[in-house]
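Asks: Here's a structure for you.
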Amino acid sequence: MLSGVEPRCGLCRLPKIAVGPPVPSQLNYVAGASHWLRQGSLRWFVLLFLVLRLAATISVPIGFGMRVHFVTDEPGKIAAIRAMLEPRYELFCQLLGERGTQTGADGALLVDADLRKAAAIEQIRLVMRQQKRIPEKLFVVEKHSHHLIAQAYALGATSVVSRSREIAFKLAQIEVAEKATRAGVAIAAPDITGSAAAFASMFAAIRDGKPISLSDADNATSQIVDSIEQNGLSAWLEDVRRYHEGTFQHCLLVTGVAVGFALEIRLANRDVKRLGMAATLHDIGKARIPLPILDKPGRLDPDEEAIMRRHPNDLLKDLPGINPEILDGVRHHHEYLDGSGYPDALKAPEISDLVRLLTISDIFAALIESRPYRPAMPRECAYKILCGMEGRLEQSLLKAFRTVALVA
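So in my numbering, the last spot in the sequence shown is 574, and the numbers never skip.
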């Protein structure tokens with residue numbers, strides 16, 4: 167294990183990090199309307215300030231503010247959302263089950279409804295068809311409810327938010343991009359929506375005891391490879407951390423880092439894809455880990471750790487058409503050269519090149535990702551930790567990884 171750090175494939179717990187007061191799992195619009203800046207972190211305030219300043223510098227006459235179409239299953243939320251968003255935004259409100267008015271092909275759709283109810287899901291599907299021209303679709307979901315997050319993406323969400331300050335920041339961010347587009351200002355961002363939807367589909371299938379579609383993993387990996395080839399790794403990392411949290415964020419980051427690593431060392435196209443597929447699927451076993459363990463902010467106790475260590479399993483071994491090297495990566499991405507890893511305590515001669523590359527990518531991604539209980543670690547600090555794992559990670563590969571970690 168790392169000295170003072172325990173990389174657990176996206177659940178890396180850094181010790182002695184100050185954690186702020188707990189955030190309620192249910193969004194409180196009224197409190198958010200008047201207190202979100204005061205209760206939020208300084209980082210969120212600075213980010214929102216910078217986004218709004220950028221929006222102010224892009225002068226485009228658009229009359230009212232950006233359109234926001236709000237859909238909910240609770241009438242009481244409408245007054246609260248008006249208090250939060252008006253008059254800055256042009257707000258259209260709709261109760262599920264009522265006939266809505268089609269809005270234009272801009273702005274944002276904001277959905278806050280109980281995704282555990284079949285009737286609500288069917289009504290949301292109808293709204294999504296009616297408002298399909300709206301490019302940005304935000305769903306309000308409890309932060310740690312992985313099943314509901316997966317449901318939101320399956321319904322067509324482009325982003326998931328759980329707190330009032332996230333709504334304010336996300337809408338301001340969308341407004342900047344919309345104004346920039348009208349002003350002819352180019353703002354390039356990798357498209358991660360399709361990849362995230364594929365992850366949601368795969369995790370939901372595993373949780374429901376159904377086989378996953380290998381084409382979902384293939385499509386997600388191809389989109390990530392294309393994005394990094396066109397826009398670079400840094401753009402991908404920044405976009406993923408902006409739009410996603412938790413397990414999906416980690417999977418997207420690991421695949422991006424692994425693909426960036428493969429491209430940097432000039433692997434053949436088929437090997438780039440193979441490593442990317444292993445990264446895409448490496449944490450699929452977490453779909454069967456109990457959420458109280460998966461989302462625990464502190465260090466796991468021995469029994470919880472034993473359960474967590476079950477996630478690199480043989481869940482995919484009977485999947486038709488899957489490459490044995492990809493299965494090797496999924497099962498063994500926590501193995502170390504000195505035999506101290508798990509689940510099989512392999513030593514250097516038994517660990518394939520693909521696994522060595524994936525392990526480095528996985529630990530690095532775990533260190534630089536944002537978590538609710540700690541900020542992202544700077545990339546240079548994460549790389550130093552990797553370099554300190556002499557004997558467990560291949561040093562020649564770490565030297566080749568330097569550009570990926572610090573520059574790409």
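For each residue, glycine too, the CB sits at the ideal point set by N, CA and C.
Mind checking A428: buried by the 16 CB within 10 Å criterion, or exposed?
Replies: A428 is buried by the Cβ-count criterion.
Asks: Just reading off the beta strand (DSSP E) that V326 is part of, what are its end residues?
Replies: Counting along the chain, the beta strand (DSSP E) containing V326 begins and ends at S325 to V327.
Asks: Report yes if the CB atom of L419 is closer than 7 Å to the CB atom of E546, and no otherwise.
Replies: Contact: no.
Asks: Is it buried or exposed for D278, if we count other Cβ within 10 angstroms and need 16 for buried?
Replies: Its Cβ being crowded by 16 or more others within 10 Å, D278 is buried.
Asks: Any contact between the stretch 522-531 and the stretch 551-564? By contact I mean 3 or more CB pairs, one from each, below 8 Å.
Replies: In short, these stretches touch, since the Cβ pair count reaches three.
Asks: Bridge partners for A274 per DSSP, in chain order?
Replies: A274 pairs with V234 and E302.
Asks: May I ask you to list the residues that DSSP assigns as paired with E256?
Replies: DSSP output for E256 lists R233 as bridge partner(s).
Asks: Are F305 and F365 close, meaning C-beta to C-beta below 7 Å?
Replies: Their beta carbons are not under 7 Å apart, which means F305 does not touch F365 by this criterion.
Asks: One question on the structure: do K499 and H448 come within less than 7 Å of each other, judged by their Cβ atoms?
Replies: According to the sequence shown, residue 499 is His rather than Lys. Cβ atoms of H499 and H448: closer than 7 Å.
Asks: Tell me whether L564 sits in a helix, a strand or coil according to DSSP, three-state version.
Replies: Three-state DSSP puts L564 in a helix.
Asks: Have a look at E256, A320, L251 and R265 and flag the residue whose alpha-carbon is nearest the alpha-carbon of L281.
Replies: Of the listed residues, the one whose Cα sits closest to L281 is A320.
Asks: Tell me, to the nearest whole angstrom, how far the beta carbon of F258 is from that of R233; I am working on the premise that it is less than 8 Å.
Replies: The pair is a contact, with the Cβ atoms about 7 Å apart (cut-off 8 Å).
Asks: Whether or not the stretch 519-527 and the stretch 431-442 are in contact is what I'm after, with contact meaning three or more pairs of Cβ atoms, one per stretch, closer than 8 Å; do they touch?
Replies: Enough Cβ pairs lie closer than 8 Å, so yes.
Asks: Can you round the beta-carbon distance between S325 and K336 to whole angstroms, since I take them to be within the 8 Å contact cut?
Replies: Indeed they touch by this definition, with Cβ atoms about 6 Å apart.
Asks: From G273 to E341, what distance separates their C-alpha atoms?
Replies: Near 7 Å, if we compare the C-alpha coordinates of E341 and G273.
Asks: Taking the continuous alpha helix (DSSP H) assigned at I247, which residues delimit it?
Replies: Unbroken alpha helix (DSSP H) run through I247: G242 to L251.
Asks: When the Cα atoms are used, what is the spatial distance from V570 to P541?
Replies: The alpha-carbon atoms of V570 and P541 are separated by roughly 21 Å.
Asks: Buried or exposed: which applies to Q396, given that a residue is buried once 16 or more other Cβ atoms fall within 10 Å of its Cβ?
Replies: With fewer than 16 other Cβ atoms within 10 Å, it is exposed.
Asks: Can you look up D469 in the DSSP assignment and give me helix, strand or coil?
Replies: Note: D469 maps to helix in three-state DSSP.
Asks: In or out: L399 buried (at least 16 other Cβ within 10 Å) or exposed?
Replies: Buried: at least 16 other Cβ atoms inside 10 Å.
Asks: In angstroms, rounded to a whole number, what distance separates the CA positions of A574 and N385?
Replies: For A574 and N385, the distance between alpha carbons rounds to 23 Å.
Asks: What would DSSP say about L337, mapped onto helix, strand or coil?
Replies: In the structure shown, L337 sits in a helix (DSSP, three-state: H, G or I).
Asks: To test your reading of the DSSP string, which unbroken alpha helix (DSSP H) runs of 4 or more residues are found completely within the stretch 380-466?
Replies: Runs found: 380-397, 399-409, 412-430, 435-447 and 457-460.
Asks: Do you know whose CA, among E556, E404, E344 and I372, lies nearest L503's CA?
Replies: It is E556 whose Cα lies nearest to the Cα of L503.
Asks: Please classify L261: does DSSP put it in a helix, a strand, or coil?
Replies: Three-state DSSP puts L261 in a strand.
Asks: Using beta-carbon positions only, say whether A316 and F236 come within less than 7 Å of one another.
Replies: No, they are not a contact pair.
Asks: If distances are taken between C-alpha atoms only, which option among T387, L460 and I459 comes closest to T446?
Replies: The residue with the shortest Cα to Cα distance from T446 is T387.
Asks: By a C-beta neighbour count over all protein chains shown, 10 Å radius and 16 as the cutoff for buried, is D392 buried or exposed?
Replies: Exposed: under 16 other Cβ atoms inside 10 Å.
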